[in-house]
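Chains as they are written, first to last, in the numbering used here: chain C, -7 to 379; chain E, 42 to 357. Think of the CB as a built atom: it goes at the ideal place given N, C-alpha and C, for glycine as much as any other residue.
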């Protein structure tokens, strides 16, 4: 019997612990408006998720200090999805079923966002994503919106700048990630329509630490007039360094994936002269006073830097825009009825955010155009506004 | 000790009872989700425990098989247009074959070298899934079609609960049978001393390869189900971190205890959900719990608890 007893103990333990695992969370009074969020505060994309979380927490506090929304306080229920699509999905189910939030603003990476789309669509939950790739809103999904500029907009902006400088033959270089590949695809698609010819098309692997072979190939391509690198994170600095080491002189373009101080720091001086499209927030001090985004962007910069003693990044800006798009839609809808809020987000008209000026429609769930970008160039270790 | 109350019958029945009754206590889809993930992890751990707990071979690459199973289902149903069930089976067979091919050279290694070998295997799989962007969608992952059998589409959590619960029950039953068979005894002798086992006529390599393949196939099946259940997969599922998580589940629950592996999977899957109350200190609390368990309950939770109960009974 001892063995039998042993097995029973084992199974009883399973039961007890499972039950323990289920006694999670509690219910809250129906009063507050609940904004749910899941962000990659830790893990590979933490440099995006961390400022996003800080931004949400700070502004929810501010909203409550000024009387809340519709006279009701706002509660932020946010989880760390750790740059893991599986965790993101579980947390979204938790937000929907357990916490019964009114709207979700979150999803730092494209992977985490794409993993939860099926769930939010099925539940009919308004969802504003903070991730980059165009695939999130193209094709349009009824309940899914996003705030960051897409890679397509960035490529569009870069090609416009090239055309203005009479550069037509481009060496394209991209990484393996979703953003990188989506950017490459858009560059290949957009080039013929904008009078640009892609004369070289090279890629590197995830985690590669040396890009000189691909850059050498581009350098030696006949007639190449400019370099466009599609990617984000650490590789952006490596590309800039290798470019300098090879003594390349053709104009060097990157995307808004490099629009962070870490790019300049990581390149150790080699980033000088690199041009890229970025949100106005990055160069807010250089904006003219009549720039429509000047007030919003400088207020955000002041608030964030004052509170966290840390330099701003455009990623926190995505969260700011997501939060206020949601709050304004709830205010216009006059309730937290999900369909009404969704419809109001879709009707967003000339909302001035940190990322740009949003005008959404049933066909466009991002609402930004190429004017929301400014071209910047790295000069003396910082960003210089062009145009 | 005969008839109905044989250990594996009693234990299995209790497990079946828990699986059958549990839905009554699950108020919404979120709880179902957590329990389904527990079931999926538990199935892998039951297989992994055969390898680690009984045969005494460590694998730091098991998430690789899980990931391959998930991607086999995703790619075959998506790109090749195969029915999900066929994809799942073909994936499991192919991954079983892969495990068979790599098992013999890898399992010749011992100790740290074996750990290194399986680690390498896992990392190679992870790199391949990350790099083959045209097939797998790269680091950002790919969507997976809804599971369907003969036109019956399975998308709600309740149905998934029964499927995953069924798979866990069947794999636990198979494992318990295997352990109580001559194969199981041979495995334990391999764990004790490979030389002694070989001297008494046990074909050491054959048994090691057998468990390796069985555990790989279980991981692959779990991976396929997970892919269809979640509807979206990323290469992180095949990553090193996930492999370590799986080994931790087995070690925490108690090596050489099938139900220990299930308990370990349940705790490590549910704990992060429980600990969200700690906010920024989540990881600290998680680490402290793991350290505490490993310091005070070296044999793992379930074996340590059983020993405690036995001691208390003996003192009476």
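Counted as a single uninterrupted DSSP element, the stretch harbouring residue 238 of chain C is not any beta strand (DSSP E), since DSSP gives it neither H nor E. The beta-bridge partner set that DSSP reports for residue 246 of chain C consists of C:221. Secondary structure of residue 70 of chain C (DSSP, three-state): strand. Along the stretch 178 to 211 of chain C, going in chain order, the ones with a CB nearer than 9 Å to a CB of chain E are 195, 197, 198, 199.
Rounded to the nearest whole angstrom, the CA to CA distance from residue 235 of chain C to residue 204 of chain C is 8 Å. Counting C-beta atoms within 10 angstroms of its own C-beta, residue 237 of chain C has fewer than 16 neighbours from the protein chains shown and is therefore classed as exposed. Within the stretch 135 to 162 of chain C, the runs of alpha helix (DSSP H) that reach at least 4 residues and sit entirely inside it are, in chain order, 143 to 156. Proximity to residue 72 of chain E across C:58, C:165, C:81, C:69 peaks at C:81, based on C-alpha coordinates. By the neighbour-count definition (other C-beta atoms within 10 Å, threshold 16), residue 65 of chain E is an exposed residue.
In the structure shown, the three-state DSSP call for residue 125 of chain E is helix. Residue 94 of chain E has its alpha-carbon roughly 15 Å from the corresponding atom of residue 254 of chain E. Of the candidates C:359, C:217, C:264, C:201, the residue whose Cα lies closest to the Cα of residue 126 of chain C is C:359. When Cβ pairs closer than 8 Å are counted between the two stretches, the stretch 103 to 112 of chain E is seen to touch the stretch 284 to 291 of chain E, the count reaching three or more. Per DSSP, residue 128 of chain C lies in no alpha helix (DSSP H) segment and is marked neither H nor E. A residue is called buried once 16 or more other Cβ atoms fall within 10 Å of its Cβ, and residue 297 of chain C, having fewer, is exposed. Those residues of the stretch 163 to 174 of chain E placed with their C-beta closer than 9 Å to a C-beta in chain C are 168, 171, 172, 174, ordered along the chain. Put simply, the backbone Cα of residue 149 of chain C is about 11 Å away from that of residue 182 of chain C. Between residue 85 of chain C and chain E, the shortest Cβ-Cβ separation is below 8 Å.
Interface residue (Cβ-Cβ distance to chain E less than 8 Å): residue 102 of chain C is classified as such. DSSP places residue 155 of chain E in the helix class (H, G or I) of the three-state scheme. Contact with chain C is absent for residue 222 of chain E, since none of that chain's Cβ atoms lies less than 8 Å from the residue's Cβ.
In the structure shown, residue 193 of chain C adopts extended strand secondary structure according to DSSP, grouped into three states. The shortest C-alpha to C-alpha distance from residue 27 of chain C to any of C:169, C:286, C:98, C:161 is the one to C:98. For the pair residue 31 of chain C and residue 72 of chain C, the CB atoms are nearer than the 8 Å cut-off. The C-beta distance from residue 305 of chain C to residue 252 of chain C rounds to 5 Å, short enough to meet the 8 Å contact threshold. The residue among C:69, C:287, C:108, C:156 with its C-alpha nearest the C-alpha of residue 49 of chain C is C:69. Rounded to the nearest angstrom, the Cβ distance from residue 120 of chain C to residue 317 of chain C is 6 Å, consistent with a contact under 8 Å. One thing to note: residue 79 of chain E has its Cβ no nearer than 8 Å to the Cβ of residue 277 of chain E.
The criterion of a C-beta distance shorter than 8 Å is satisfied by residue 107 of chain C and residue 273 of chain E. Per the DSSP secondary-structure output, residue 351 of chain C pairs with nothing in a beta bridge. Counting only Cβ-Cβ distances below 8 Å, residue 169 of chain C has contacts in chain E at 179, 180, 181, in chain order. Between residue 177 of chain E and residue 183 of chain E the beta-carbon gap is near 6 Å, inside 8 Å, which marks them as a contact. Counted as a single uninterrupted DSSP element, the alpha helix (DSSP H) harbouring residue 307 of chain E occupies residues 299 to 315. Interface criterion met: the Cβ of residue 273 of chain E is under 8 Å from a Cβ in chain C.
By the Cβ neighbour-count rule, residue 142 of chain E is exposed, with fewer than 16 other Cβ atoms within 10 Å of its own. Within chain C, the C-beta atoms nearer than 7 Å to that of residue 74 of chain E come from 82, 85, in chain order.
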